[in-house]
Every structure is written in C-alpha cells, then in structure tokens.
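Structure record follows, encoded as structure tokens.
Numbering (this note's numbering), first residue to last: 11 to 614.
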C-alpha cells in the first residue's frame, strides 16, 4: 500500500502534505491524514487498473477484425461493458474495509478528494478519472443531488481540442484524388491485404470528387486529416477523418469489410448526417484506441457539431463519463432556460411515466409504482431488460439509455400536471417538497418523435416511409435475437434522420426464448368468436398471424405494411431467424443505406 508523499503541497491552501486540510480549512488529525492519502491512492490505483484493462480489451478488436473472429468481438464487447461495475464493486468493498468506522466521515472524504485531484492532475484522461471518483463517492455516501466538496462538479465551459497532431495524419493531393485515397488506405497497414485497393481508391475518389464539386464548386481542398486510431464495431472497421478547405470541414468515413478475398472499402460517407448515423445513440459502442479520450472526442465534435458530447464519449465506450456529460449539460441548460418539465407527448405507458423539457432533447422515464393491467412484469424485471439492452447489440434500432439515481430539481420547474402525475403513479421513486423534486431512480433517453403521432401528423409520403422502416426495424431486431414483445407503434419513435427505432423495453425478450406458432384451425364458429382461445397457450407462445391486430394503421398504410413486410405475419419467418441465430450466424447491419454500398461482399 502506498505511503503518504510528504513533498507536494496542497494546491488549495499551500499547506504541506503533512498538514493536510479537509477542504474547508480544518486540519486533519494524523490518522485521518494517513487514511486520506491511502484512500486517494487506492482509488487512483483502481482507476489506473480499470483504464489498463479497458485499453487491453479495446486493442483486441483489431485482431478480432483481421481474423474475422466476430463472436470474440461480441464477447469482448460485453466484457468491457461489465468491467466498470466489476472494478467499482471490488474498490468500494476494499475502501469500506480500509476506512472502517470513518467510511462516512465527510471531512475525510474532502481530504481524499484533494489528494486524488493532485494524483489525477498528472494524467491525460483526467475527465474520465473525475467521473470514476464520483462513482465511488456516490456509491459509498449515497449522495443526493450535488455535493461539490465531495465530488468533482463543473457546470461551466471547458476546452475541447479539435484534434492533436499525435492522433492524425495529414494528406494533400499531389497528383490525383485516387492516388491520395490509396495512400490513406495503405497507411493503416492491416495484417490482411486489400482485395483490390486500386478499385477501392478509384470508387472512393469518384464519389469524393463529385461531392466536393457539389459543395465547393471544385475538387480542390487544403488537406485531409485522418485519425490514426481505427474504429471497430461488429464486422467492420471505420477510418474516420475530415476534409478541410479554409475554415470549412466535412467528414470522411471509410467503412472497411473483411471478406473472403480480403479487405474492401464498402462505401464512403461525406456528410455530417451520415457520420451522425454511424455514431448514433442507437448503436453499440466502438472499440477504438483512445490514449487521450478528449482529443478523440474533440476531433469527432468538429465533424458532428450537433452531436452532444455525452453521445460522443459514449460512442467510444466511456458511457459513464458520457452520463456525466449529459448530467452537466442538463443542469447548464436548466440554468439558462425557464420552461417547465411536462408530461411527454404520445400515449401514456403502462409501466413507465415519461416527462420532458420542451427546450431540451431528452426524455426522462420513471418506473411506476404499480403497472396497469394486463402488465405482469415487476420493477426488477423491467430493470433487467434495460440491462439486457445495454449489453446487447442495438443494431441501430434500440435507444441507448442512461440510468441516474437521486437527482434533484427545483419544484418550480415542474408543471402542476406533471407533479400530480408523479405523485399519483411514482411516489416510491419521487419525493416532492416545498422547493425540490428528488428522483430516486430514472432513465434518460434521446427524445424521438413517437411513431403513432408521426404517421398522423406528417405527409403521406413520410408516413409511408416510416411504416416501411418500422417493419425494417422489427426485422433488424429479430436478426439481432431481439423480440420487442409489444409491437404497438406507440413503442417506436422516429429520429431526426427519419429512422424508426424501438424505445419501450418492458416486454422485450430474446427471440430464441420465444415459441412462434401457427394459429390452430378452429372446429366451429363458436370457437372463432369466443373471448377465450380454444387451444392451449404456453407463456412464451407467440402467434404472428395475430400481429395485424396490434398494428394500428390507416387503410393505405396497412396496405404498405402488407406489401413490404407481409412475412412478419408468418410463423415461418420468425422460426427461420431463430434457427439461424441458434446456429451461431451473425447477420450484417450497416449504418448506411444498402444503395450507398459499392458492392456486395461475399461470405460476410
């Protein structure tokens, strides 16, 4: 166990470390000074261990990609997602033993924070380290709201680099665009060769030249800046960069697939909207080597300025710090707005009560005290399903959710209707006082346009497209071994890019846990009109022929659903996907339209 370092001075007071204060000016007793240093170094060592393990798992992604070990990548993805809680659980138990009767001594914790801050100041990932420390204190001290003396809190501005020279390579067009693109591809030096790098470079250059002419009236540019780290997810590797001309920037993303014949550039993405979909909050996290996470996030922010910092940190695997960024952004917004939280638009849920702030692009979901009939789930089961979504491949069709505990808000920011709703249906999770509203547990998600409202309020063309993509969403989820449970369109929403995604998880389950059956033939008319089935039905039995009853669409849109997705109403479709999943097949999901792809890669 490290011993106290007598040389550094306290950065807040100038006192020698041997006279360490607790953050309020009070000098600590010698025994507490020793504990403060031991506590800080113990937390720092655990954080260092977490980052080392996180990095080691992340680095394995390249090998999985080159060897086409897709199942290994998925296992690594789950291992990395579980790592934070695993390290935190062991650390919290160790600290309780170390601190003993002083575990809840806030003066001691103020001193621990000062020591930890001094250790953290030497690191390049200090923002991640601050979040890690806050996770420890909130777990041990059960902090309600914010306690700046005990945790790292900052709601002001921060600097964010737009790209450090150590993580980018610069390219200029010396001869042709094709030659420059080929040079970019060659510099990544994968262990697997390209199947036809000249053809790849030619296709990319053709699209790139056309796009530059359209945007800037010529293919001239100042330079291309490519991130050295490669972004790995599922079966693809993504090369990410930006094209610069004076003060103008556009993204360039090159998805690489590893097929039987070698590497192939599948397409080139050159717009902010396309980049945003690749880094969507509906997809699994990338594995990317980020020695200095802030530098990587700064670069990504420069090509996706509308993407919240929270989602960028989450996208590269730092979901806990992403949650911190969302928390800070919310309270900054509350300090610069005056509208009130209100009940979210759309049909009310039987399991969750949902509210939002009109001026803020997030919804807040609280589990109700009691669920409306016929829901039979428990609170624990609902939370388990959110954990399943967190660990599962979301394939661009399920919204990522962040879980928060003990948030405090000013009561005056809540509409009276919402206060009455919360007290009526979620009193076990919400405490309302004269001045504050304390929420013991909630989930946040990006706000979407509820599909049931979308098809009513949008043009017929947009409604048709949404219905088609609603069916695509169900197919994608099924291919990823997810059955939504509730297929009601009120459980789906539309993103700003027009993509339909699923966001209500209380009935979700694995596709392989379901038993899809054909409807038995009845023996009489009385059987058909009876309120009760004339045949036995087990708990996991599902009859796809009945799905039509759950899909509320106006006549023209029902015809669209039948035309494009009639197979969803057959047991054979679902049974085939089950068999493919059980056989270990991993299907392909692309974060861009099929028509954008240069070619279909064999045997993926």
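We put the CB at the ideal spot given by N, CA and C, even for glycine.
Since we're looking at a predicted model, the values are computed, not measured.
* Asked: What do you get for residue 437, buried or exposed, if any count of 16 or more other CB atoms within 10 angstroms of its CB means buried?
  -> Exposed is the call here.
* Once you ignore the five residues that flank residue 343 on each side, which residues in its own chain have a CB closer than 6 Å to its CB? -> Closer than 6 Å at Cβ, skipping near neighbours: 370.
* With respect to the alpha helix (DSSP H) encompassing residue 144, which residues constitute its N-terminal and C-terminal limits? -> Taken as a continuous stretch (DSSP letters only), the alpha helix (DSSP H) holding residue 144 covers 136-151.
* Per the contact definition of three or more C-beta pairs closer than 8 Å, is the segment 318-335 in contact with the segment 346-366? -> Two segments are said to touch when three or more pairs of C-beta atoms, one from each, lie closer than 8 Å; by this definition the segment 346-366 does not touch the segment 318-335.
* Unbroken alpha helix (DSSP H) run spanning residue 529, endpoints -> Unbroken run through residue 529: none, as it is neither H nor E.
* residue 234, enclosing alpha helix (DSSP H) - first and last residue -> From DSSP, residue 234 is part of no alpha helix (DSSP H) but of the beta strand (DSSP E) over 233-237.
* Asked: On the three-state DSSP scale, how would you describe residue 410?
  -> Of the three classes helix, strand and coil, the one that applies to residue 410 here is coil, per DSSP.
* Whole beta strand (DSSP E) runs in the segment 582-606 with 3 or more residues, listed along the chain? -> Taking 3 residues as the minimum length, the segment 582-606 contains no beta strand (DSSP E) run wholly inside it.
* Asked: Excluding the five sequence neighbours on either side, which residues of its own chain have a C-beta within less than 7 Å of the C-beta of residue 551, listed in chain order?
  -> Cβ within range, chain order: 525, 527.
* Asked: For residue 311, which residues does DSSP report across the bridge?
  -> Beta-bridge annotation (DSSP): residue 311 is not paired with any residue.
* To do: Could you tell me the boundaries of the alpha helix (DSSP H) in which residue 264 lies?
  => Note, residue 264: premise wrong, no alpha helix (DSSP H); beta strand (DSSP E) at 258-269.
* **Residue from 208, 358, 75, 134 with nearest C-alpha to residue 270** => Closest option to residue 270, Cα to Cα, is 75.
* Assuming residue 306 contacts residue 239 under a Cβ cut-off of 8 Å, what Cβ separation, rounded to an integer in Å, is found between them? -> Distance from residue 306 to residue 239 at the Cβ level is roughly 7 Å; contact confirmed, criterion being Cβ atoms closer than 8 Å.
* Out of 295, 446, 473, 273, point me to the one whose CA is closest to residue 78's CA. => The shortest CA-to-CA distance from residue 78 to any of 295, 446, 473, 273 is the one to 273.
* Taking C-alpha atoms, which residue in 147, 427, 154, 71 lies nearest to residue 299? -> Checked all of 147, 427, 154, 71; the closest Cα to residue 299 is 71.
* Asked: Terminal residues of the continuous beta strand (DSSP E) containing residue 336?
  -> Per DSSP, residue 336 belongs to no beta strand (DSSP E); it is in the alpha helix (DSSP H), 329-344.
* To do: Would you mind reading off the limits of the beta strand (DSSP E) that contains residue 243?
  => From DSSP, the beta strand (DSSP E) with residue 243 extends over 241-243.
* When DSSP labels each residue in this structure, what does residue 608 get in the three-state scheme? -> The DSSP-derived three-state label of residue 608 is coil.
* So what does residue 460 bridge to, in DSSP terms? -> For residue 460, which the question treats as bridged, DSSP gives the partners 503.
* State the DSSP-derived secondary structure class of residue 282, mapped to helix, strand or coil. => In this structure, residue 282 counts as helix in the three-state DSSP scheme.
* Going by beta carbon distance, what residues of the same chain come within less than 8 Å of residue 115, once the five residues before and after it are set aside? -> 42, 109.
* Based on the DSSP output, what are the partners of residue 255 in its beta bridges? -> In the DSSP output, where bridge partners are listed per residue, residue 255 has 258.
* Asked: Is DSSP giving residue 123 helix, strand or coil here?
  -> Note: residue 123 maps to helix in three-state DSSP.
* Asked: In terms of residues, what are the limits of the beta strand (DSSP E) holding residue 397?
  -> Residue 397 -> not in any beta strand (DSSP E); alpha helix (DSSP H) instead, spanning 389-401.
* **N-terminal and C-terminal residue of the beta strand (DSSP E) that residue 132 is part of** => Per DSSP, residue 132 lies in no beta strand (DSSP E) segment and is marked neither H nor E.
* Cβ neighbour criterion (16 or more within 10 Å) applied to residue 321 -> When all chains shown are included, residue 321 counts as buried.
* Could you have a look at residue 419 and say whether DSSP puts it in helix, strand or coil? => Here DSSP, grouped into helix, strand and coil, assigns residue 419 to strand.
* Please state whether DSSP places residue 227 in a helix, a strand or coil. => Judged by DSSP in its simplified three-state form, residue 227 adopts coil rather than helix or strand.
* To do: Please report how far the alpha carbon of residue 191 lies from the alpha carbon of residue 283, in whole angstroms.
  => Put simply, the backbone Cα of residue 191 is about 22 Å away from that of residue 283.
* **Burial state of residue 213 (16 or more Cβ within 10 Å)** => With 16 or more Cβ atoms within 10 Å of its Cβ, residue 213 is classed as buried.
* To do: With a 10 Å radius around its C-beta and 16 neighbouring C-beta atoms as the bar for buried, classify residue 18 as buried or exposed.
  => Any answer about residue 18 is weak, because its pLDDT of 35 lies below 50 and its placement is not dependable; what the coordinates show is given next. Counting Cβ neighbours within 10 Å, residue 18 comes out exposed, since fewer than 16 surround it.
* To do: Would you mind reading off the limits of the alpha helix (DSSP H) that contains residue 571?
  => According to the DSSP assignment, residue 571 belongs to the alpha helix (DSSP H) that extends over 565-575.
* Asked: Quick one: complete alpha helix (DSSP H) runs, 4+ long, within the segment 186-223?
  -> The segment 186-223 contains these whole alpha helix (DSSP H) runs: 187-196.
* Rounded separation between residue 233 and residue 584 - CA only -> In a straight line, the C-alpha of residue 233 is about 49 Å away from that of residue 584.
* Alpha carbon to alpha carbon, how far is residue 422 from residue 146? -> Distance between residue 422 and residue 146, taken at the CA atoms: about 31 Å.
* Within the same chain, show all residues whose beta-carbon is closer than 7 Å to that of residue 135, passing over the 5 residues directly before and after it, in chain order. => 61, 302, 303.
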